[in-house]
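Numbering of the sequence shown is given in the working numbering, commencing with residue -11 and proceeding in unit increments.
Think of the CB as a built atom: it goes at the ideal place given N, C-alpha and C, for glycine as much as any other residue.
Reading through the structure tokens given below for one structure.
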Amino acid sequence: MEIVFLLGMLVFMGGIGFLLFNLIKKRSKKKSLYIMLGSFIVMLVTVGFAPVTASLTIEAAEIETNKNGIALIEGTTNSDAKLTIDGKNLENDEGDFSYEVKLANQDEKKITLVAIIEDSEAEKVVTVTPSEEYITFLNEQKIEEEKLKKVETALVLAEKEPNQENYDKAATLVVALTKEYSNIDDQLTNVEDYLKAEEAVVLAEKELTTDSLEDAQTLIKKVTLNKENFSDRVKTIQTQVTEREEQLTLAKEAIDLAEETPTDNNYNHAVELIEALPTKDDSFSTRLVTVKTIIEKDKEEKALAVAAEEAKQQKIASEIAEKEKQANEQAAQAAQSTPAQSTPIIEASSQSNEQTVLVTPTGSKYHNRKCGNGTYTEASMSTALASGLTPCSKCY
-11 MEIVFLLGML
-1 VFMGGIGFLL
9 FNLIKKRSKK
19 KSLYIMLGSF
29 IVMLVTVGFA
39 PVTASLTIEA
49 AEIETNKNGI
59 ALIEGTTNSD
69 AKLTIDGKNL
79 ENDEGDFSYE
89 VKLANQDEKK
99 ITLVAIIEDS
109 EAEKVVTVTP
119 SEEYITFLNE
129 QKIEEEKLKK
139 VETALVLAEK
149 EPNQENYDKA
159 ATLVVALTKE
169 YSNIDDQLTN
179 VEDYLKAEEA
189 VVLAEKELTT
199 DSLEDAQTLI
209 KKVTLNKENF
219 SDRVKTIQTQ
229 VTEREEQLTL
239 AKEAIDLAEE
249 TPTDNNYNHA
259 VELIEALPTK
269 DDSFSTRLVT
279 VKTIIEKDKE
289 EKALAVAAEE
299 AKQQKIASEI
309 AEKEKQANEQ
319 AAQAAQSTPA
329 QSTPIIEASS
339 QSNEQTVLVT
349 PTGSKYHNRK
359 CGNGTYTEAS
369 MSTALASGLT
379 PCSKCY
């Protein structure tokens, strides 16, 4: 058939040449036209009965992937041919086709293309190789996967035993990752929320104040990891806070009283209540120091007043004793200059000149007048002094 088709084509070409020759010579063109028509009919007949041959062409037998590991196979085949790639059917657009291949690793891959039309078949093999960029990407991905495994292990431990050390180890590994993973970030945030709540609860256990307890409860609400761990601790804190508030009220009242009436009893009572508090309050301690200073100052002032009074009484007693001494000396001198027979009169006169004071049976003072309740009796000054009595501050 192919030979007949070629002969028909040669005759057709000859007919064209013969037609041109007749045109030039201005001869009849019928014979040349008949020749051309006959040869064209022969060609059509041979084409209609000729067997169809499958054709398959590809742009390159060896192609390289891009940085993402993807390669594109392109080519042409018969428009009505059945095209398969590695056994899978592939549509073609008027004979043109393209197929995307992605390598899963660094190994090259051979792709077999087969075009079939009637009994004719054509086959091509394309080799796909990884590019340097893709190999680098795969190596980095392998490293990333190894890092990811370490992160997952660290996060499991941090969730099981949520403490600062385990959190820091996991966080350090997460930072070393080259990509972001929302699930990993969420896991790390859960551990972080737990640690913040734990820190707040520890502070509340230490301070035992309403504010610190409320702060801890606010942070616990955000916790999704082992939230039940805080339940009993918060209940205990609530009880202790209530008790402490009551103790604080009593301690404050005691300090207020000590400030209002600064005595040793009030001060010691306030100290006792403050020392019984589960946690220290610096403001209370400062106020106690002030009260203690006032008490000590008051004691010092009273001691100085007592000392001054004693010095005053000693001075008065000394002056009285000095006057009596002078009076006795004068009496003695007068007795020496007077005859013996007059001695009793002088002695009586001396005795009558001695100062008389008032004393009480249980008193420690002598008086020159009745200045209070009690039984007063007269006594000489010398007798009062000999008994250890001191002058009354109201009388002298």
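Expected contact under 8 angstroms - CB spacing of residue i and residue j to nearest Å
i, j, result
"V211", "D181", "5 angstroms"
"L191", "P266", "About 14 angstroms; that fails the 8 angstroms criterion."
"L143", "L101", "Contact flag wrong, Cβ pair sits at about 47 angstroms."
"E147", "V179", "6 angstroms"
"A164", "I105", "With a Cβ gap of about 57 angstroms, A164 and I105 do not count as contacting."
"N356", "C383", "5 angstroms"
"E96", "T65", "Rounded, the Cβ-Cβ distance is 24 angstroms, inconsistent with contact."
"Y122", "N56", "7 angstroms"
"E132", "T166", "6 angstroms"
"E297", "S381", "7 angstroms"
"F272", "A239", "6 angstroms"
For residue i: DSSP bridge partner residues
i, result
"Y354", "P379"
"F85", "G63"
"L(-2)", "DSSP output for L(-2) lists no bridge partner at all."
"S368", "T344"
"S108", "I105"
"V114", "I99"
"T72", "N77, V102"
"K90", "I58"
"T391", "Any property of residue 391 remains undetermined from this structure, which presents the chain solely from -11 to 384."
"I51", "V116"
Straight-line Cα distance separating residue j from residue i
i, j, result
"S170", "S86", "36 angstroms"
"A258", "T198", "23 angstroms"
"D269", "D252", "21 angstroms"
"E307", "T274", "49 angstroms"
"I208", "S200", "12 angstroms"
"T230", "T237", "11 angstroms"
"L276", "K287", "16 angstroms"
"E335", "T348", "Because E335 sits at a pLDDT of 44, beneath the cut-off of 50, its placement in the model cannot be relied upon, and the point is left open."
"T53", "L213", "45 angstroms"
"V189", "A204", "5 angstroms"
"L377", "Y354", "6 angstroms"
"N77", "E47", "19 angstroms"
"L60", "L145", "45 angstroms"
"N80", "V114", "17 angstroms"
"N399", "P150", "This structure cannot settle anything about residue 399, because the visible part of the chain is limited to -11 through 384."
"A103", "E109", "6 angstroms"
"K215", "E202", "16 angstroms"
"L261", "K285", "24 angstroms"
"K313", "K290", "34 angstroms"
"C359", "E241", "43 angstroms"
"V89", "T206", "54 angstroms"
"A158", "K184", "16 angstroms"
"L(-2)", "I12", "21 angstroms"
"Q152", "K130", "29 angstroms"
"T141", "I172", "11 angstroms"
"K300", "Q324", "36 angstroms"
"L126", "E193", "52 angstroms"
"E317", "Y364", "30 angstroms"
"E168", "R232", "48 angstroms"
"T278", "N256", "13 angstroms"
Residue of the options minimising C-alpha distance to residue i
i, options, result
"E50", "T371, A110, K98, E153", "K98"
"E310", "E187, T281, Q152, S370", "S370"
"T124", "L145, Q94, I58", "Q94"
"D74", "T281, L(-2), L183, K112", "K112"
"E263", "Q235, I282, E241", "Q235"
"I58", "E82, A92, D81, L78", "A92"
"Q302", "L373, I172, E109", "L373"
"N254", "I282, R232, E233", "I282"
"D84", "L183, E62, A158", "E62"
"V375", "V345, V89, V162", "At residue 375 the sequence reads Ser, which differs from the Val that was named. The shortest C-alpha separation from S375 is found at V345."
"A367", "C359, Q343, T249", "Q343"
"L176", "V162, T363, C359", "V162"
"D107", "E82, E153, V40", "V40"
"S219", "E233, V294, E186", "E186"
"T249", "Q152, E153, K280, Q228", "K280"
"P379", "Q318, I304, E317, T350", "I304"
Below-8 angstroms beta-carbon distance, residue i vs any chain D residue
i, result
"K382", "Note that chain D does not occur in the displayed structure, where there is just one protein chain."
Examine the Cβ distances between the stretch 244 to 261 and the stretch 218 to 232 and report whether three or more of them are shorter than 8 angstroms.
The stretch 244 to 261 makes no contact with the stretch 218 to 232; the number of CB pairs closer than 8 angstroms stays below 3.
Segment contact, 8 angstroms Cβ cut-off, at least three pairs: the stretch 63 to 72 with the stretch 133 to 147
The count of Cβ pairs closer than 8 angstroms, one atom from the stretch 63 to 72 and one from the stretch 133 to 147, stays below three, leaving the stretches out of contact.
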